[in-house]
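Inspection log for the structure reproduced underneath, given as structure tokens.
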Amino acid sequence: MNVLICNVGSTSLKYKLFDMDHGEHVLASGGAERVGTDKSIFNHRNNISSTAWRNDIPMPTHREAISEMLEALLQCAVSSLDEISCVGFKVVHGGPVTGTQYLTEDVLRTMESFNSVAPAHNPPYIAAVRQFRELMPDTPLIGSFETAFHSGMSPEASLYSIPLEISRKYNIRRYGFHGASHEYMTDWVSETMGRSDLRIISCHLGGSGSLAAVRNGVSIDTTMGMSLQCGVLHNNRIGDIDPYVIFYLNEKCGMDLPDIKQMLQTESGLYGLSGGISNDLRDIETAAEQGNRDAETALNAYAYTVKKYIGSYAAALNGVDAIVFGGGIGQNSSTIRRLALDGLDFMGIALDESKNLAALAGEDISAERSHTRIFVVETNEELVVARKAMQLLLRNSTHR
Ligand code: ADP
Numbered sequence: 062m063n064v065l066i067c068n069v070g071s072t073s074l075k076y077k078l079f080d081m082d083h084g085e086h087v088l089a090s091g092g093a094e095r096v097g098t099d100k101s102i103f104n105h106r107n108n109i110s111s112t113a114w115r116n117d118i119p120m121p122t123h124r125e126a127i128s129e130m131l132e133a134l135l136q137c138a139v140s141s142l143d144e145i146s147c148v149g150f151k152v153v154h155g156g157p158v159t160g161t162q163y164l165t166e167d168v169l170r171t172m173e174s175f176n177s178v179a180p181a182h183n184p185p186y187i188a189a190v191r192q193f194r195e196l197m198p199d200t201p202l203i204g205s206f207e208t209a210f211h212s213g214m215s216p217e218a219s220l221y222s223i224p225l226e227i228s229r230k231y232n233i234r235r236y237g238f239h240g241a242s243h244e245y246m247t248d249w250v251s252e253t254m255g256r257s258d259l260r261i262i263s264c265h266l267g268g269s270g271s272l273a274a275v276r277n278g279v280s281i282d283t284t285m286g287m288s289l290q291c292g293v294l295h296n297n298r299i300g301d302i303d304p305y306v307i308f309y310l311n312e313k314c315g316m317d318l319p320d321i322k323q324m325l326q327t328e329s330g331l332y333g334l335s336g337g338i339s340n341d342l343r344d345i346e347t348a349a350e351q352g353n354r355d356a357e358t359a360l361n362a363y364a365y366t367v368k369k370y371i372g373s374y375a376a377a378l379n380g381v382d383a384i385v386f387g388g389g390i391g392q393n394s395s396t397i398r399r400l401a402l403d404g405l406d407f408m409g410i411a412l413d414e415s416k417n418l419a420a421l422a423g424e425d426i427s428a429e430r431s432h433t434r435i436f437v438v439e440t441n442e443e444l445v446v447a448r449k450a451m452q453l454l455l456r457n458s459t460h461r
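Each residue of the sequence shown is one higher than the one before, starting from 62 at the first, in our numbering.
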């Protein structure tokens, strides 16, 4: 069974075609960048590792990117689109609609009703899924919601303390995101440690980041909430903020709500705190090394938010057997890992700094004296989505 997984961003499309019957092997992968312009870039890599690039292609919408991808797949990976059993998407927010679902018009409409809390994620997915439906009318389109992994959270972890009838009426609660990544990383730890009865803190730190407290494979708490705009700092999006700062900006500082929203989702996080140096942690690390004080503060603040959540999740889990770092920052920044775990010896969490500095994905970087094992992992969200999409298809074919 071949499963095509597509990640849709507001200006990008990335894809991987998995052969699920032969070692979950990637047959082809690629993507389009700068979608929405007439100078888009498209790349395609097949399973013998030859990569083809095309520059300056007009792609006013995702539709052109999808067509380009299908053409490339037909040239080198499949002889007909019928050989693609389904297309899977790592969809973000469907509120009460979660799990793995066929992306029917009903599901898309429910997603639309959560656009205002996932403005960078839901609209491009919804538009792209409709374009896929036009271009591949006979292929099942399946969404695996990022919220699903956290759907077992208890009411005390997931409810906000606003009046209960308002929460219930409008489905307002903590949902959590990055589910596919947290699931992949914590399953990897369980397999590596040969145990399923584990208390794990999973740190997915990328352009946006979240931590999850996972007991026996179930997420009991996570740092993102109703939206993806809380918890740890993100690249240019706000993390936790006192909601009254928003009222103050509106009522006292003359900013209107759309401007505040724009500021919180594009000019905040690492970018805002560093005084606009960059939204990329690599640039912030370089500027901090060169003595820029704002960059140093941004770096320290990022690690501090991670550290605070590690402490609180160790309490929520009544101890911690393993901490796992993944995502672009979690996997690659030894500085963030060092700062976030600094001084936690008293809790039995100790990093081996030389292992940390040289860490490759898949390695244990804890010191010998550490009671908690600390891992660096290369996450694989697409594979998790491909497995779930295949399971849904197989379940349906056996029920028919
Ligand atoms: P996304 O959340 O968009 O999927 P990633 O998980 O790929 O993104 O993470 C992207 C971020 O990872 C970049 O913005 C950058 O800040 C960070 N990053 C990538 N490589 C490194 C590195 N070698 N050192 C520090 N940070 C890195």
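Using N, Cα and C, we set each Cβ at its ideal position, and we do this for glycine too.
Query                                                                                     : Result
Under the three-state DSSP convention, the category ARG398 falls into                     : helix
Residue interval of the alpha helix (DSSP H) (run including HIS243)                       : 240–254
Check whether LEU78 and ASN63 have beta carbons under 7 Å apart                           : yes
Buried or exposed by the 16-neighbour rule on C-beta atoms within 10 Å, applied to TYR221 : exposed
Beta carbon of GLY160 nearer than 7 Å to that of ASN232                                   : no
Cβ-Cβ distance between TYR245 and VAL446 below 7 Å                                        : no
Cβ-heavy atom distance, ASN297 to the ligand ADP, below 6 Å                               : no
Cβ neighbour criterion (16 or more within 10 Å) applied to TYR309                         : exposed
Delimiting residues of the beta strand (DSSP E) encompassing LEU74                        : 73–80
CA-to-CA distance, LEU418 to ALA466, given in whole angstroms                             : There is no way to answer for residue 466, as the model of the chain reaches only from 62 to 461.
Distance CB(VAL437)-CB(SER263) smaller than 7 Å                                           : no
Cα-Cα separation between LEU378 and SER228, rounded to whole angstroms                    : 26 Å
Minimum C-alpha distance to HIS265 - residue among SER90, ARG95, GLY389                   : GLY389
Same chain only: Cβ atoms within 8 Å of ASP82, ignoring 5 sequence neighbours per side    : MET62
Extent of the continuous alpha helix (DSSP H) to which ALA356 belongs                     : 354–377
One or two residues paired with CYS264 in a DSSP bridge                                   : LEU272, PHE386
Same chain only: Cβ atoms within 8 Å of GLU195, ignoring 5 sequence neighbours per side   : ARG124
Heavy atom of the ligand ADP within 6 Å of SER394 beta-carbon                             : yes
Proximity of ALA218 and HIS243 at Cβ, strictly below 7 Å                                  : no
C-alpha distance - LEU334 paired with ASP301, whole-angstrom precision                    : 13 Å
8 Å Cβ shell around VAL158 - same chain, five flanking residues per side excluded         : VAL168, THR171, MET172, PHE206
Within 7 Å, strictly: CB atoms of GLU401 and VAL367                                       : In the sequence under discussion, the amino acid at residue 401 is Ala, which differs from the Glu named in the question. Closer than 7 Å, so yes.
Euclidean distance between Cα positions of LYS369 and GLY97                               : 39 Å
6 Å CB neighbourhood of ASN297 in its chain, flanking five on each side removed           : THR327, GLY330, TYR332, ASN340
Inter-residue spacing [alpha-carbon to alpha-carbon] between LEU259 and ILE371            : 15 Å
Rounded distance between the beta-carbons of GLY237 and TYR150, thought under 8 Å         : Residue identity differs from the one stated: residue 150 is Phe in this sequence, not Tyr. 18 Å between Cβ atoms; not a contact.
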